[in-house]
Amino acid sequence: MSDNLTPEQRRVAMRRVKSKNTSPEIAIRRLLHQMGIAGYRLHRRDVPGSPDIAWLSKKAAIFIHGCFWHAHDCPRGSRKPKTNRHYWQTKLARNIQRDSKQRAELKKKGWDILTIWECELKDESRLARRLNRFFARPQ
Ligand SMILES: [Zn+2]
C-alpha cells in the first residue's frame, strides 16, 4: 500500500473504518479490496434491480440482502413480527416477488448474479471463498 501513512496514522484510520463502517455493504467492499477486486459500480439505476455492486462490462452483479427484508431461510429471516402480521406478510411477499423479477430480468440480459445474505458476514473466510468462486466462474 502506498497511502503515505505512518503505521500509527494507519492504525488510527483503520480503527475509524472499523467502528464507523459496519454495514454489510461496507464489509463486502472491504473484502473485495482485500481480494484485489476493483472496478465496480454501486447502485447503478440503469441496471435492473440496481445491484449493490456491479461490474458493468463483465455483467456481474452482487446483491447484498438483509435476511429479514428478503425473507432468508435462516433464523433471522424466519423471525416474523408479532404485530401487524398482515402488513408484514404482504410487504415481504412483495419484496420476494420483486427480487425474483429483477433476477430474471438480469439473467435474460446475460448477467451473472451473486446474492450475499447479511448472516453470511459472520464467516468472512467462507464468504471470501464464495466470492472467489463467483469471480472464477466461466464467462
Ligand atoms: Zn440469513
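Counting from 17, one number per residue, gives the positions in the sequence shown under this note's numbering.
We put the beta carbon where it would ideally sit given N, CA and C, even for glycine.
Please read all numbers here as calculations on a predicted model, not as lab measurements.
Minimum Cβ-Cβ distance from residue i to chain B less than 7 Å
i	result
alanine 87	No chain B is present in this structure, which holds just one protein chain.
7 Å Cβ cutoff met for residue i and residue j
i	j	result
arginine 119	isoleucine 132	no
proline 23	glutamate 134	no
tryptophan 127	alanine 87	no
isoleucine 80	isoleucine 44	yes
glutamate 136	leucine 147	no
CA nearest to the CA of residue i, picked from the options
i	options	result
asparagine 111	Tyr56, His59, Gly65 and Phe151	Gly65
valine 63	Tyr103, Arg26 and Lys125	Lys125
cysteine 83	Leu108, His59, His102 and Lys74	Leu108
aspartate 139	Leu21, Arg61, Arg26 and Leu47	Leu47
arginine 61	Arg149, Leu122, Arg145 and Phe151	Leu122
serine 141	Leu21, Arg26 and Met51	Met51
tryptophan 85	Gln113, Lys74, Ala54 and Lys75	Gln113
Integer-rounded CB distance, given that residue j should sit under 8 Å from residue i
i	j	result
lysine 96	tryptophan 104	7 Å
Any heavy atom of ligand 1 nearer than 5 Å to the CB - residues listed
The filter returns Cys83, His88, Cys90, Gly93, Trp133 and Cys135, in chain order.
Assess, as a yes-or-no matter, whether the stretch 92-109 is touched by the stretch 65-73 under the definition of 3 or more beta carbon pairs within less than 8 Å.
The stretch 65-73 is not in contact with the stretch 92-109.
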